[in-house]
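As you go down the protein sequences, you meet chains A and B in turn. At position 42 of the first sequence (counting the first as 1) the number is 1015 in the working numbering, and the numbers step up by one without a gap. At position 593 of the second sequence (counting the first as 1) the number is 651 in the working numbering, and the numbers step up by one without a gap. Let me begin by presenting the structure, written as structure tokens, before commenting on it.
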Amino acid sequence: MIIGIDLGTTNCAVGVWRDGKVELVPNSLGHLLTPSAVSLDEKADGHLLVGLAARERQSTHPDQTATAFKRYMGAERITRLGKRDFLPEELSALVLARLKADAEAYLGEPVTEAVITVPAYFNDKQRKATRRAGELAGLKVERLLNEPTAAALAYGIHELEDETRFLVFDLGGGTFDVSVLEIFEGVVEVRASTGDNRLGGEDFNELLIELFREKLGKDWAVKDKQDATLRERLRVAAERARRALTDQAAATMAVTWRDQSFEAEISADEFEAKAAGLLARLREPVLRALRDSQLRADDLKEIVLVGGATRMPVVRRAVTRMFGRFPSNAVNPDEAVAIGAAIQAGLKARDSALREVVLTDVCPYSLGVETSERGLNNELRGGVFSPIIERNTVIPASRVRGFVTVRDGQRIVKFDIYQGESRQAKDNILLGAVEVPVPPAPAGEISVDVRFTYDINGLLEVDVQVPRTGERRELVIADEEAAKAVDFEKRRAELAALKHHPREDDANKAALARAQRCFENFLGDKRQYVGKATAEFETVLDGQDPREAERAREALLATLDALEGETWL
Amino acid sequence: MNVSIWATLGIEATRERADIRRAYAAKLKVTNPEDDPAGFQTLRAAYERALAYAGPPERSTPRPKADPPPDEDGDNLVVEVERPKLRRRSPPKPTEIEGPPDDGESDPKPRTHDWRPADEPGETPSGPRRREWRPPDPPVRRPIRRERSHVAPPLSPPTEPDPAEVALAALRRDLINALGNPATTPAELRQILEALLASPALMSVDQHAQTEGWLAGLIGFSQPRTDPLIEPAVAFFHWDEGRVGPKSNVGAKVVARRDDLKFRASARLAGSPFQPAFHALTRRPRTWGLLANRITPGLDEKVRRLLGIVRTERPGLMSTLEPQAVEWWEAHLSRPRLGPIAIWVVLVLPALLAFNIGEQTGAAHSLTNLAVDYVLALAAVAALVLARLYGIEWPRRIWRERWARDAPAWVWFAWAPALVALVLAAAAIPASLPASIILAAIAAPLAYWPAIVAEPDRRKGTRYPWQVRSAFSFTYLAIFWLVSAFGLPNPVWLQMSLPVLAGMLGFVLGEGTLLAAWRQRLSARLRRGSLVGLATVALLTAALLLVGWREPLLRALAAAMVVGAVLVHKTPAGELAGGRFRFRYYVMVFSWVGWFVAVALFEPAPEKLSGLTVSGLWLLTGVLVTCWAAFEPPERKPRRVAKPA
């Protein structure tokens, strides 16, 4: 069975296509969403915690916990948890392994293949890192699906009969994607896909933290600005305030620091005023998407909102103003991407109910080479980016362009392959290089053809040919990391060998971690109360009776809910 | 693509978008992009071209806007009558690719930019075609078709127009009116624009796109009145972002205008190299001004450059130049004319000569005599100048414009070996009057040939004009030739002199062409080979000088070979730069001393090491050093790739 995985910055979800519909897989705590967090429990002999428990430990043990590593996928950033260093893809692999285990428990059969979603705007390196993460987790990654396309599938699966054009507005924890799609005759066609890799709900949190600091005075805790614990506490408080502002006109942000409690009230209007800049940034990709698909906002039937951050009234208001209509409520913003991934998994498995659906996607960035241009005074200007596959071309795509030599007697022509939109090649991302020898001749007489073939999974093949001599060079922008097969196997084995807490303990661990966080956050009476409740729970746990433990856990959680407000992810 | 797009889609040729889509969807179920990428690409290419053929989609509903009549490009501008009416330019509508109808033929010819082999399936050009071709349309307007899924009404439909939109429309009208009112200052215009750009209605993407197109059109249409608006507009809409793709240059013209204005501002500054030319081109030509134009040295070249830049890179600036001035300058530059220096010479030199002649002859300084002398001198100078103008400049122009492009290579270069051969022949042929005359008669046209066809070495970066530089670089050869008068019998020397002179003149006049050919036309291997050959010849000549000093014929031949080697080695020497150049220079300067010292030390027979031999060896040292310095060992370096075909 192929599963569909939404690997998000903040939360993950898993879905399968079964019996003609999508089923979302609950995790060991019974939740449909699993936080993307990994934590090392040093006290328990270096066991790893994945999910809600790890998330709770972010504020209590920030140096042993890693979250939001999706922002660094493809980069060389190393996180140290305890004694071991992890790459972002390895952390993602741990999360994926946990999701795999959850799916196997739910389905009752082994799971080896998956469709994983990535933001549409992920570049080549990031996509390869995601694929490696899947493989490190023991999953064969059937397909990397773009998140807005997945959301569109979730939305459009009910609308296959009609002709619709709609826009998917995906504002997640760390990334922002906009896709314009069209459905007709059972074909789901992506017209344009744009986005901003560095815009998400977290940025709104940062705004709230700034407002909080302003209200408390500029010198508040300025020395501790870099402290991870304080940052995490501020982030949690900001997140809480943000959610509160969804329903209320004002919210209180409360943070405990150095045994003191600090509070500030923030009104929705202040927040909206501060967020004006971010909201304007939201407009840019939308404009580009509409321009690239040659549509107007009037031509769209629906605006589909995806991603938890779109629950914010400021965002919804901005979207309404942008498009002149209210966005659609047809899909659950948190689950849409996972549902779409599950649909794609079903499509891959050729499920009979889905045989009538075909999906075409586009390449969201331009791919080309660095060239020199001859200016009008006959001077040569280098470093110019010449796209060969333009952005928003339907994939798989194969395009060819001809180039000529620039110097007399030139013997070698070198192509640097870039991905990006800037006219200056150096502002784009370098993917690789190809060299081809050419016969000596005056400048401009030898032509070289460059063919780019971009397949549906984002694999780029470059084919360079000199027609005059028949010389040919090929390059597949391959994954150098995975090419080192020996290392890869070793890493996978290492990760698999890492100790995890048994599944049954997850819920208890999560509850304990949450209790610990609350203990640190509260002061005085409340703190003592939490401490007592925690001690009681731990006693029951030692008794090793599962049903007692469950009852005690429920009681503890109820206590914490009463003190803190409901938990969320 | 040998299969028709309609065959790929499986339908008859049609313009109905709905039919094309249905066919595509049906075929897509069979040729899935996951399973059959190549088949899918063919299908997709066929689909896109069929859609292009079918034309842009109809807008099913009119847009309800609070604006006055739906002319988004500002046709209702209040504008002066004499401005040319702008062709109606629509806002960024879908510029679908349009192509000729396909009746089963193969692909159209490859475009200039997107080259592809004609028999490869499934490629489409990666940008909209510049040329728009439509099969003739019947003039009947098709009824507005409602799509099946009509634009759904919003959940709470706004019944009156949005106040922000109304405000925006009002601001737009204000801006237009302000532009039409000549009394508005640039600051006021900018204020209105900034109020407009701050309007909350721009949050709507449609309004944003529409305003962007409208503003770009307005700024382009109402130049130069709208120049103050350029900066805020470019900053707000990020038109200068430098993104690739044809779909993202709504504001390209505005950015071009901004760059033009910057260039113009810099050209106006006193220190700018373009300032005199700019000044000349923006003044209406009057008599005294024209005279000043003619006699200011260097102005011609600057005006020519500026005009070239404006014509090719900055056509928008053409309107800031005075049209009469441009016309006058173009006429002036295209005719053969006397340069400013020539005019000064023609006017002043005869006066000096007249005075000189008057002094010499001791004639009375009467005005008539002076006048007569002046006129005679003037006639002589004028004759020389005109001879240069019509004998050399004009034929050069004709050559460049008409013959140069198609001329075979020998016309460009053959004068060089011919001159060298002539010098050798003058040495080899026994001296006699008829032979001398014949040789002189051949030498003159051979020296005239590079004057027409070739270019002297006019490289920039040297302080002296090229005439002075060339004269200086041939001093050594001149010294050698004068010294050789003592080593060669007189008739031989006289016979060879004119060919040698012609050779020097010819190489001076044509050095630039030879240098260019040396750098660009010869491959590295050829260059290396010729340097080795030249070095061999130099060594042979040295041997000849030392061994054959007894025989007059051999001496003459050796002298001719020295002259030939020196003439030829000027070309690779011209390429030397930096350390190597300085090395050669110092070798040349000091080797003279070295040779002298050697002569003094060894005290051999004076005839053996006559002036001819010593100076010949000295020059050959220079040649050998040049051959060594200019030698490039074979290297392998990757080079960059160039512009699209």
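Ideal Cβ positions, reconstructed from N, Cα and C, are used throughout, including at glycine.
Those residues which DSSP pairs with residue i across a bridge
{"i": "Gly1168/A", "result": "Asp1150/A"}
{"i": "Ala1223/A", "result": "Ser1240/A"}
{"i": "Asn1119/A", "result": "Val1091/A"}
{"i": "Leu1140/A", "result": "Val1153/A and Ile1276/A"}
{"i": "Trp1230/A", "result": "Gln1233/A"}
{"i": "Val950/A", "result": "Not covered by the structure: residue 950/A. The range shown for chain A is 974 to 1542."}
{"i": "Cys1544/A", "result": "Since the first residue of chain A shown is 974 and the last is 1542, residue 1544/A is not available in this structure."}
{"i": "Thr1344/A", "result": "Val1357/A"}
{"i": "Gly1405/A", "result": "Ile1390/A"}
{"i": "Ser1301/A", "result": "Val1277/A"}
{"i": "Val1331/A", "result": "Val1160/A"}
{"i": "Asp1498/A", "result": "Asp1498/A is not bridged to any residue."}
Terminal residues of the alpha helix (DSSP H) in which residue i lies
{"i": "Lys1073/A", "result": "Pro1061 to Leu1080"}
{"i": "Thr269/B", "result": "Val263 to Phe279"}
{"i": "Ala1253/A", "result": "Ala1249 to Ser1266"}
{"i": "Ala498/B", "result": "Leu491 to Val511"}
{"i": "Val526/B", "result": "Trp524 to Ser531"}
{"i": "Ile234/B", "result": "Pro221 to Gly238"}
Where residue i falls: helix, strand or coil (DSSP)
{"i": "Tyr1391/A", "result": "strand"}
{"i": "His627/B", "result": "helix"}
{"i": "Lys1472/A", "result": "coil"}
{"i": "Pro290/B", "result": "helix"}
{"i": "Leu572/B", "result": "helix"}
{"i": "Pro1360/A", "result": "strand"}
{"i": "Lys1113/A", "result": "strand"}
{"i": "Thr1097/A", "result": "It should be pointed out that residue 1097/A corresponds to Asp in this sequence rather than to Thr. Residue state, collapsed to three classes: helix."}
{"i": "Arg1050/A", "result": "coil"}
{"i": "Glu1311/A", "result": "Residue identity check: residue 1311/A is Ala in the sequence provided, not Glu. Residue state, collapsed to three classes: helix."}
{"i": "Glu1163/A", "result": "Residue 1163/A is actually Val in this sequence, not Glu. Strand."}
{"i": "Val541/B", "result": "helix"}
{"i": "Gly1174/A", "result": "helix"}
{"i": "Ser1371/A", "result": "strand"}
{"i": "Glu1527/A", "result": "helix"}
{"i": "Asp165/B", "result": "Here Asp165/B scores only 39 on pLDDT, less than 50, and its place in the model is too uncertain to base an answer on."}
Nearest-angstrom Cα separation, counted from residue j out to residue i
{"i": "Pro122/B", "j": "Gly1356/A", "result": "Any answer about Pro122/B is weak, because its pLDDT of 44 lies below 50 and its placement is not dependable; what the coordinates show is given next. If I take the Cα positions, the gap works out to 46 Å."}
{"i": "Val651/B", "j": "Thr679/B", "result": "12 Å"}
{"i": "Ala1522/A", "j": "Asn984/A", "result": "27 Å"}
{"i": "Gly347/B", "j": "Arg454/B", "result": "29 Å"}
{"i": "Tyr643/B", "j": "Arg458/B", "result": "35 Å"}
{"i": "Leu1530/A", "j": "Ala1201/A", "result": "26 Å"}
{"i": "Phe654/B", "j": "Ser668/B", "result": "11 Å"}
{"i": "Ala335/B", "j": "Gln249/B", "result": "36 Å"}
{"i": "Gly1129/A", "j": "Ser377/B", "result": "55 Å"}
{"i": "Val1088/A", "j": "Glu1115/A", "result": "5 Å"}
{"i": "Phe471/B", "j": "Pro630/B", "result": "15 Å"}
{"i": "Thr243/B", "j": "Leu237/B", "result": "9 Å"}
{"i": "Cys1336/A", "j": "Arg1364/A", "result": "6 Å"}
{"i": "Asp1334/A", "j": "Asn90/B", "result": "12 Å"}
{"i": "Arg316/B", "j": "Thr1442/A", "result": "46 Å"}
{"i": "Glu289/B", "j": "Asp1265/A", "result": "25 Å"}
{"i": "Asp1498/A", "j": "Asp1220/A", "result": "29 Å"}
{"i": "Lys1387/A", "j": "Pro691/B", "result": "22 Å"}
beta-carbon residue i near the ligand GTP non-hydrogen atom, thresh 7 Å
{"i": "Lys1056/A", "result": "Of the ligands one can find in the structure shown there are none, so the ligand GTP has no counterpart to examine."}
Kindly provide the ranges of any alpha helix (DSSP H) runs that are 4 or more residues long and lie completely inside the stretch 980-1044 of chain A, ordered along the chain. 1025-1033
Given a limit of 7 Å on CB to CB distance, which residues of the stretch 1510-1536 of chain A reach chain C? Going by chain labels, chain C is absent from the structure shown, which instead holds the protein chains A and B.
Starting from the N-terminal side, write out each stretch of the alpha helix (DSSP H) that is 4 residues or longer and does not extend beyond the stretch 371-397 of chain B. List check, alpha helix (DSSP H) in window: 381-392.
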